[in-house]
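Enquirer: Residue numbers (full-length UniProt numbering): 1 to 54.
No residue lacks a Cβ here, since even glycine has one placed at the ideal position from N, Cα and C.
Right, I'll just put the structure down here and ask away after.
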């Protein structure tokens, strides 16, 4: 396994970098998606409250 990994690192360093950064990328995507849907939820609630007041 170590030989395969060293060969991969020597010939395709970007693949090893993607594997190493995978959790960081996934956490960032998760955070961005949550922010987007929280924004949409708050916007919808705000519009509903505004309609009730009118």
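Between which two residues does the alpha helix (DSSP H) harbouring residue 45 extend?
Expert: 13–53
Enquirer: Determine the direct distance from the alpha carbon of residue 19 to that of residue 39, and round the result to whole angstroms.
Expert: 31 Å
Enquirer: What is the rounded straight-line gap between the Cα of residue 53 and the Cα of residue 47?
Expert: 10 Å
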